[in-house]
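The structure appears right after this line, and notes come after that.
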Amino acid sequence: MGFKEQCYDLLKKVPQGKVTTYKALADALGTKAYRAVGNAMNKNPDAPRIPCHRVINANGALGGYAHGLKRKISLLKSEGIQIQNNRINLDQYGFDFQ
DNA sequence: CGGTTGACCAAGT
DNA sequence: GACTTGGCCAACC
Numbered sequence: 120m121g122f123k124e125q126c127y128d129l130l131k132k133v134p135q136g137k138v139t140t141y142k143a144l145a146d147a148l149g150t151k152a153y154r155a156v157g158n159a160m161n162k163n164p165d166a167p168r169i170p171c172h173r174v175i176n177a178n179g180a181l182g183g184y185a186h187g188l189k190r191k192i193s194l195l196k197s198e199g200i201q202i203q204n205n206r207i208n209l210d211q212y213g214f215d216f217q
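For the first sequence, the numbering used here gives the first residue as 120, with consecutive numbering after it.
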């Protein structure tokens with residue numbers, strides 16, 4: 120299993136209605152490859168089984184999405200996540216893999 | 001095997 | 001608040 124697969128596996132643990140960050144994912148994997156995590160997400164566009172849209176920047180900004188941020192925002196909103204000024208409140212919606 | 005590219009991050013100015 | 005800098009690491013060429 121490669122690095123990317125580990126990212127996806129971990130990402131699948133994030134429940135609907137919550138988000139995580141590239142930093143949190145890398146941290147949970149025991150690496151500092153924050154950027155590599157972003158690359159991994161980018162390679163799996165809207166793969167049906169991987170909720171890439173629940174991954175945002177460590178500062179609460181949205182980050183990116185292979186198929187357009189609008190799509191990402193729509194998905195997040197449909198899960199009940201409120202977005203204000205292109206930002207998400209991590210204290211409220213963040214998931215830290217406990 | 002070096003060099004470049006990111007959906008990054010933290011600290012400094 | 002906004003830039004800039006240096007560092008990080010997998011994937012690709």
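Think of the CB as a built atom: it goes at the ideal place given N, C-alpha and C, for glycine as much as any other residue.
The structure displayed is predicted, hence computed values, not measured ones.
What is the residue span of the alpha helix (DSSP H) that Ala-155 lies within?
In the DSSP assignment, Ala-155 falls within the unbroken alpha helix (DSSP H) covering 153-162.
What residue range is occupied by the uninterrupted alpha helix (DSSP H) comprising Lys-196?
Per DSSP, Lys-196 is one residue of the alpha helix (DSSP H) stretching across 188-197.
From the DSSP secondary-structure annotation, give me the bridge partner or partners of Gln-203.
Partner(s): Arg-206.
Where do the ends of the alpha helix (DSSP H) carrying Tyr-184 lie?
Counting along the chain, Tyr-184 falls outside any alpha helix (DSSP H), and DSSP gives it neither H nor E.
Host alpha helix (DSSP H) of Cys-126 (start-end)
Annotation for Cys-126: the continuous alpha helix (DSSP H) segment containing it runs 122-130.
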